[in-house]
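Undergrad: Dumping the structure here so I can ask a few things about it.
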């Protein structure tokens, strides 16, 4: 697993896609910083909401493309056919891939936040430390969540074009179309079903769950409406953060487990 992770890091830091996303993310972060250079932003505000939405749109797509392309590249270039002849376990292969790509994503997000934070300190403005930390954790959570989904996509897809199509479709559904789908689905239900259905549907979309968790932690729970009152209570409670972390681990573990079973089935056939 360590060798696979080291190889993935080496390839990832040479990947032009990684540097393109890094430059794009850093550019938008700096743009938001200059807009708010007159003073420090604290808690949930228009500026922190804009940065949150930036991460919500960009980071899942970045993780989906980097992760799925990594696995489909192994298939297209014939590397997996060679690796499968070695005493390399499928689980070690997948977890090594995940670990290496997670470190690459960590470096990208850290560079964007670090550069913006350093410039903000020089200009005497930007975001205060606590707010910045919450947004940083939100960005990492999104990246790691969708990286697990990306490895599952890379397992299912046979080539990069299929991976791109599936990845963009999932990104569009989970990020862009989700508010409209949620409103339409809840509008067709009896009133007594709305709150239970809202809870179930939110847990089925990790991007929405992560966004809600961060908004409440930043103090913007009142903007969500009365339907989310119970959400605000449990997120602010002592067990809110452990439950959230548990859900993230469950999502990532489930995606990797399904990918493992599919790779193992294909390996036995080969």
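In this note's numbering, the protein residues as written are -15 to 254.
C-beta: ideal position from N, C-alpha, C; glycine also.
1) By Cβ distance below 6 Å, which residues in the same chain neighbour residue 119 in space, the five residues on each side in sequence not counted?
2) Among 172, 13, 157, which residue has its Cα nearest to the Cα of residue 192?
3) Select from 89, 202, 79, 7 the residue whose C-alpha is nearest the C-alpha of residue 123.
4) Give the secondary structure of residue -2 by DSSP, where H, G and I count as helix, E and B as strand, and everything else as coil.
5) On the three-pair Cβ rule with 8 Å, is the stretch 71 to 81 touching the stretch 218 to 230?
6) Compare the Cα-Cα distances from residue 59 to each of 12, 134, 141, 6 and report the closest residue.
7) Within the chosen definition, does the stretch 132 to 152 reach the stretch 49 to 59 through at least 3 CB pairs nearer than 8 Å?
8) At which residue ranges does the stretch 65 to 140 contain complete alpha helix (DSSP H) runs of 4 or more residues, listed in the order of the chain?
9) Starting from residue 164, follow the alpha helix (DSSP H) in both directions and report where the run begins and ends.
10) Among residues of its own chain, excluding the 5 on either side of residue 96, which ones have a beta-carbon nearer than 6 Å to its beta-carbon?
11) Could you tell me which of 234, 178, 126, 87 sits nearest to residue -10, measuring between CA atoms?
12) Per DSSP, what kind of secondary structure is residue -8 in: helix, strand or coil?
13) If the criterion is Cβ atoms closer than 9 Å, does the pair residue 177 and residue 45 meet it?
14) How far does the alpha helix (DSSP H) with residue 155 in it extend, from its first residue to its last?
15) Looking at C-alpha atoms only, which residue of 40, 41, 145 is the closest neighbour of residue 56?
16) By the DSSP assignment, the alpha helix (DSSP H) with residue 181 in it spans what residues?
17) Figure out for me which residue from 249, -8, 189 has the closest Cα to the Cα of residue 236.
18) Where does residue 15 sit, in a helix, a strand or coil, going by DSSP?
19) From residue 233 to residue 244, what distance separates their C-alpha atoms?
20) Going by Cα to Cα distance, which pick from 40, 129, 116 is closest to residue 101?
21) For residue 85, I'd like the list of residues in its chain whose CB is within less than 7 Å of its CB, leaving aside the five on either flank, ordered along the chain.
22) Using a threshold of 9 Å, state whether the C-beta atoms of residue 159 and residue 246 are closer than that.
23) Helix, strand or coil for residue 221? Go by DSSP, reduced to three states.
24) Take the Cβ of residue 239 as the centre, count every other Cβ of all protein chains shown within 10 Å, and call the residue buried at 16 or more, exposed below.
25) Just the Cα atoms here: how many angstroms apart are residue 174 and residue 181?
26) Alpha carbon to alpha carbon, how far is residue 184 from residue 170?
27) Quick check: residue 5 and residue 38, are their CB atoms within less than 9 Å of each other?
TA: Answer, in terms of the structure:
1) Cβ neighbours of residue 119 within its own chain (closer than 6 Å, five residues either side excluded): 35.
2) Comparing Cα-Cα distances from residue 192 to each of 172, 13, 157, the minimum goes to 157.
3) Of the listed residues, the one whose Cα sits closest to residue 123 is 89.
4) Reduced to three states, the DSSP call for residue -2 is coil.
5) Contact fails: fewer than three Cβ-Cβ distances are below 8 Å.
6) Comparing Cα-Cα distances from residue 59 to each of 12, 134, 141, 6, the minimum goes to 141.
7) Counting Cβ pairs under 8 Å, three or more are found: they touch.
8) Those alpha helix (DSSP H) runs which fall completely within the stretch 65 to 140 and span 4+ residues are 74 to 107, 113 to 140.
9) 162 to 171 is the extent of the alpha helix (DSSP H) around residue 164.
10) Closer than 6 Å at Cβ, skipping near neighbours: 9, 10, 13.
11) Closest by alpha carbon: 87.
12) Look at residue -8 here: in three-state DSSP terms it is helix.
13) Not in contact: residue 177 and residue 45 (Cβ atoms no closer than 9 Å).
14) From DSSP, the alpha helix (DSSP H) with residue 155 extends over 144 to 155.
15) Cα-wise, what sits closest to residue 56 is 145.
16) The continuous alpha helix (DSSP H) containing residue 181 extends over residues 175 to 188.
17) Looking at 249, -8, 189, the one whose alpha-carbon comes closest to that of residue 236 is 189.
18) Reduced to three states, the DSSP call for residue 15 is helix.
19) Approximately 16 Å between the Cα atoms of the pair.
20) Checked all of 40, 129, 116; the closest Cα to residue 101 is 116.
21) -8, -4, 50, 51, 54, 131, listed in sequence order.
22) Not in contact: residue 159 and residue 246 (Cβ atoms no closer than 9 Å).
23) DSSP places residue 221 in coil when its eight states are reduced to three.
24) The residue in question, residue 239, is buried, as its Cβ has 16 or more Cβ neighbours within 10 Å.
25) Answer to the nearest angstrom: the Cα atoms are 10 Å apart.
26) Cα-Cα distance, rounded: 12 Å.
27) Not closer than 9 Å, so no.
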